[in-house]
Amino acid sequence: MAKSVFDELNDRGLINKVDRDGKQILAVTNEVAAREALSSRKVSIYIGFDPSATSLHVGNLVPIMTLAHFQRAGHRPIVLVGGATGMIGDPSGRSTERTLLDNDEVDKNVEAIKKQLSRFVSFEGENAAIMVNNADWIGQKSYLEWLRDVGKHFTVNYMIAKESVRSRLEDREQGITYTEFSYMLLQAYDFFHLFTEFDCLIQGGGSDQWGNITAGTDLIRKRTGKEAIGITYPLITTASGEKFGKSAGNAIWLDGDLTSPYSFYQYWINSEDADVERYLKFFSFVPVEDIATICEEHAKDPHKREAQKRLAAEVTRVVHGEEGLQSALRATQVLFGSTLDGLSDKELNEIFKDVPSTDMKMTDLKAGITLIDMLADTGMCKSKGEARRLIKGGGVSVNNNRVEDIELTLTDANLASETMIMLRSGKKRYHLVKFQN
RNA sequence: GGUGGGGUUCCCGAGUGGUCAAAGGGAACAGACUGUAAAUCUGUCGGCGUAGCCUUCGAAGGUUCAAAUCCUUCCCCCACCA
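Heads up: the first sequence begins at 12 in my numbering, then just goes up one per residue.
Here's what the structure looks like:
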């Protein structure tokens, strides 16, 4: 018999572990029931996504992969987008005020998100994933109905005992608004609704969602007498404590227009050794036994970065397809391998189509443009002063040659190919300047 | 509504009339070392620029040769009390 999805997730570290009485236990509301249900029948699992952005980012990959593993095991994923709850803001996690989204915007984002998700889970076929929006049911309810059907089932004592609320009550600086305080009831009701209307047995979520999820299983028990299941995955951190999923302060998006396949690939290849094994388990479908082998090989020859290469290739292929991966690989090879000598416009364009570029006038170049101006105008540096400091510190290369002269003026003699100059700051940040008449 | 405490450069946070573009820490960026890793070390970190100048310390006014620092009004946050 095939490995159950429960064991698969557990082997990959996709089920959170918590300390209970000195022992490590899995963060599942009822492990026995969960195992039993998952191995005996087809069940539905839902995870909520925030539709406030036009694209998902790598921080969303863990829930996405979780759903994908369930589907591969024959279960049905339900993607819930929080058209209603997204307006309020979950007090678990951070507490910045959210902006209200209008419906058109949400619809547009939902479409985009669905397209990205369909690279991981199928919305067609036998156990097709479905997408639902909680605005469709929460938006219907009146406040009085709400208090009667949902509020009645929760004591305030229960609610303030939840970690997400308690921490805010204890925090004298922060406080918690009534709106945020109510959030867990909305999420509980989502689960109740999906349980009764869509036969959804399981809710998945990040470990910070535990309180909200159990509020849901409690509500279901009280109103139906039945037992639903909650399961949480760990929140990703990097080994060195940096924020996962950010590069130079920017989110790594799944949308190729927001984060190019090249940048996407580069993000993964820069993973730390200490993270790469976990990442392979989390973000690729490579079997865990193979991952062990890959990592052993990597440990023998760390400088070859085989594990990082494999990771980057796997994830990029799923998100951007084989074509996207190949173009990322070509660009990587040129940028980190050879010089730019002898390349034509066509080749440069092809290889660097993912690298940010700026158009400038050829006539201006012939007259001479200082490197400082160019760095500032392309947006590589925020100001001329920053550009000056960067060059002084040896951080700028033109066509892969480090610049020593702060006052360097570039002319058409500096062109790498017919019409282009390649700027680089640091080791990895590239920018293509194209000159036209 | 009352009382008290606050709002400082990306974040935290010092600074109570000139020596403040503003301590310290974090983040970030660059350099060295490496393996496009981590750790470490070094430098930078408001803008323009050779010296120097310009714009910042919740907002607007005012006092002063001189204000983040004093005064007035206003806005916002927090705590306690009612």
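Built from N, CA and C at the ideal position, the CB exists for glycine as well.
Please read all numbers here as calculations on a predicted model, not as lab measurements.
{"Check": "So what does DSSP say about G97, is it helix, strand or coil?", "Outcome": "helix"}
{"Check": "Are the stretch 322-331 and the stretch 271-281 touching, with three or more C-beta to C-beta distances below 8 Å?", "Outcome": "yes"}
{"Check": "Which residues in the same chain have their Cβ closer than 8 Å to the Cβ of L212, if we skip the five residues on either side of it in sequence?", "Outcome": "A48, V54, S55, I56, F206, A239, I240"}
{"Check": "How big is the Cα-Cα spacing for V345 and N411?", "Outcome": "11 Å"}
{"Check": "How big is the Cα-Cα spacing for K14 and T77?", "Outcome": "15 Å"}
{"Check": "Tell me whether the stretch 160-167 and the stretch 15-26 touch, counting them as touching only if at least three CB pairs, one residue from each stretch, are closer than 8 Å.", "Outcome": "no"}
{"Check": "So within the stretch 309-374, which uninterrupted alpha helix (DSSP H) runs reach at least 4 residues, ignoring any that extend past its ends?", "Outcome": "317-347, 356-362"}
{"Check": "Return the chain-ordered list of same chain residues with a C-beta closer than 6 Å to the C-beta of D30, the five sequence neighbours on each side being excluded.", "Outcome": "none"}
{"Check": "What residues in its chain sit with their C-beta under 6 Å from that of N448, if we drop five residues either side in the sequence?", "Outcome": "M373"}
{"Check": "What did DSSP end up calling D30 once you bin it into helix, strand or coil?", "Outcome": "strand"}
{"Check": "Can you give me the start and stop residues for the alpha helix (DSSP H) that H80 sits inside?", "Outcome": "72-83"}
{"Check": "Measure the C-alpha to C-alpha separation of I89 and F134 and round it to an integer number of angstroms.", "Outcome": "10 Å"}
{"Check": "Over what stretch of residues does the alpha helix (DSSP H) that includes I149 continue unbroken?", "Outcome": "146-149"}
{"Check": "To the nearest angstrom, report how far apart G406 and D61 are at their CA atoms.", "Outcome": "39 Å"}
{"Check": "So who's on the other strand from W264, going by DSSP bridges?", "Outcome": "H68"}
{"Check": "Would you call the stretch 312-320 and the stretch 329-339 touching, i.e. three or more CB-CB distances under 8 Å?", "Outcome": "no"}
{"Check": "In this structure, what does DSSP give as the bridge partners for V409?", "Outcome": "N412, L434"}
{"Check": "Closest to D365 by CA distance: which of T40, A339, S295 is it?", "Outcome": "A339"}
{"Check": "Just checking, does the stretch 64-84 make contact with the stretch 28-45 on the three C-beta pairs under 8 Å criterion?", "Outcome": "no"}
{"Check": "May I have a chain-ordered list of the alpha helix (DSSP H) segments no shorter than 4 residues that lie completely inside the stretch 212-250?", "Outcome": "221-235"}
{"Check": "Using the three-state DSSP reduction, which class does P62 fall into: helix, strand or coil?", "Outcome": "coil"}
{"Check": "Work out the CA separation of L376 and T110 for me, nearest whole Å.", "Outcome": "In this prediction, T110 has a pLDDT of 49, which is less than 50 and means its spatial position is unreliable; nothing more can be read from the coordinates."}
{"Check": "In whole angstroms, what separates the C-alpha of R435 from that of E288?", "Outcome": "31 Å"}
{"Check": "Using the rule of at least 16 other Cβ atoms within 10 Å of the residue's Cβ for burial, across every protein chain shown, is F296 buried or exposed?", "Outcome": "exposed"}
{"Check": "Output the boundary residues of the beta strand (DSSP E) element that contains H442.", "Outcome": "440-447"}
{"Check": "Could you tell me if R328 is buried or exposed, where buried requires 16 or more neighbouring beta carbons within 10 angstroms of its beta carbon?", "Outcome": "buried"}
{"Check": "Based on Cα-Cα distance, which residue from A64, Q35, A44, V69 lies nearest to L265?", "Outcome": "V69"}
{"Check": "Three-state secondary structure (DSSP) at K257?", "Outcome": "strand"}
{"Check": "Can you tell me which residues form a DSSP beta bridge with T420?", "Outcome": "T381"}
{"Check": "Among Y244, L443, V167, which has the Cα closest to the Cα of I36?", "Outcome": "Y244"}
{"Check": "Classify T107 as buried or exposed, calling it buried when 16 or more other Cβ atoms lie within 10 Å of its own Cβ.", "Outcome": "Residue placement at T107 is flagged as unreliable, the pLDDT there being 41, under the threshold of 50; the coordinate-derived value follows with that caveat. Result: exposed."}
{"Check": "Candidates A303, I242, E300: which alpha carbon is nearest K28's?", "Outcome": "I242"}
{"Check": "How about the stretch 212-224 and the stretch 186-200: do they share at least three Cβ pairs that are nearer than 8 Å?", "Outcome": "yes"}
{"Check": "What separation, rounded to the nearest whole angstrom, lies between the Cα atoms of M431 and S355?", "Outcome": "9 Å"}
{"Check": "Who are the near neighbours of L419 in its chain, counting only those whose CB is closer than 6 Å to its CB and skipping five residues on each side?", "Outcome": "L382"}
{"Check": "For the candidate residues D416, I124, G390, whose alpha-carbon lies nearest to that of R440?", "Outcome": "G390"}
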